[in-house]
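Student: Every position in the sequence shown, counted from 1, becomes a number in our numbering once 1360 is added.
Dropping a structure here in C-alpha cells format, bear with me for questions.
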Amino acid sequence: MRPDKPLEGGGLLVYRHPAVVRITHWVNLASLVVLLLSGLQILCSHPAFYWGETARFADPFAQIVSGMGSQGEPTGRLIAPGINLDTTGLLGASASADGSMSARAFPAWLTLPRELDLGAGRRWHFFFAWLFVLNGALYLATGLISRRLQRRWSPPARTWPTYPEPSPTTPA
C-alpha cells in the first residue's frame, strides 16, 4: 500500500483499501453468517454426522438426539465416540418462543429461518452460497482489471532471480 501523506492543514491523508475490496469483504462476512445459520437449519432435519466412504444410517459417527425425560419433557443429547453429553437447553431440546421446551437439534435463535423449515433453509443457503461465489468473482475481476492483485501478490521484478545462460556442456 501507499504510505500516508501529510496534508497542508496539518491533517493526514490515510490510504485505505479501495471501496470494492471493503464492500466485497463485508458481503463475504454477511454471506458466511447466513450460510452458517441456514446450514444449521438444514442440519436440524437430520442431525447426524457420518464418517468414511459410505453412510450407514444406523451407525452415525456423531449425532444430536432429542428424547423425552422422565416427566415427559424434551431432552437433548450429543452422542459421539466416547461422548454422551446431556445438552438439554442448547442441542436436541431448547426453549421455543413461548418459553416451553421443544425438540429440535439447534435453538430457534441459531437457525435461519427460526421455524423448522428445510425448504426455506435450503433456499437461504443456496442463494447466499451463489452470492458468495459471485462476490468472489467480482473481487477477482476488479482486482485483475485494476492490476491490484498483481501489485499485491506478485514479487517485484527486482527480486526475481537471474539465472546465467546455460553453457553448451550443461544438459538441458
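Just so it is clear, CB atoms sit at the ideal spot from N, CA and C, and this is done for glycine as well.
Nothing here was measured: the structure is a model prediction, and the numbers come from that model.
Quick check on F1417: does DSSP put it in helix, strand or coil?
Tutor: Here F1417 sits in coil by DSSP.
Student: Just the Cα atoms here: how many angstroms apart are A1453 and K1365?
Tutor: Computed Cα separation, rounded: 57 Å.
Student: P1473 to A1422, Cα distance in whole Å?
Tutor: The straight-line gap from Cα to Cα measures roughly 24 Å.
Student: Which class does S1426 belong to by DSSP, given the choice of helix, strand or coil?
Tutor: In the structure shown, S1426 sits in a strand (DSSP, three-state: E or B).
Student: For L1509, which residues in the same chain have their Cβ closer than 8 Å to its Cβ, ignoring the five residues on either side in sequence?
Tutor: Cβ within range, chain order: L1500 and G1503.
Student: Thinking L1397 and T1448 are a contact (beta carbons under 8 Å), I'd like their distance in whole angstroms, please.
Tutor: About 22 Å; that fails the 8 Å criterion.
Student: Comparing alpha-carbon positions, which option in H1406, P1363 and T1519 lies nearest L1373?
Tutor: If we check each option's Cα against that of L1373, P1363 comes out closest.
Student: What are the boundary residues of the alpha helix (DSSP H) that L1397 is part of?
Tutor: Its alpha helix (DSSP H) spans residues A1379 to S1405.
Student: Between which two residues does the alpha helix (DSSP H) harbouring T1448 extend?
Tutor: Careful: T1448 lies outside any alpha helix (DSSP H) and carries neither H nor E.
Student: Enumerated in chain order, which unbroken segments of the alpha helix (DSSP H) with a length of 4 residues or greater are wholly contained in the stretch 1464-1531?
Tutor: Runs found: 1478-1505 and 1508-1513.
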